[in-house]
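Residue numbers (the working numbering): 452 to 509.
This is the structure:
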């Protein structure tokens with residue numbers, strides 16, 4: 452059951468990133484302040500996902 456939950460979270464994350472790229476390409480996105488933490492949060496999420504996957508398959 453835990454694997455299914457993890458897969459669901461990964462799908463949600465990928466969907467979110469795809470929506471973000473679509474908004475950027477189409478001009479639907481919005482301007483944000485320079486100190487916005489979007490990219491910091493994405494980097495953390497990717498790092499956590501990579502660490503989790505690496506531990507599972509070692």
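We put the CB at the ideal spot given by N, CA and C, even for glycine.
Rounded to whole angstroms, the gap between the alpha carbons of residue 479 and residue 492 is 21 Å.
Taking residue 471 as the centre and dropping the five residues before and after it, the same chain places the C-beta of 480 closer than 8 Å to its C-beta, in chain order.
Contact between residue 464 and residue 485 fails: their C-beta atoms lie close to 25 Å from each other, not under 8 Å. Cβ atoms of residue 483 and residue 489 come within 8 Å of each other, at about 7 Å.
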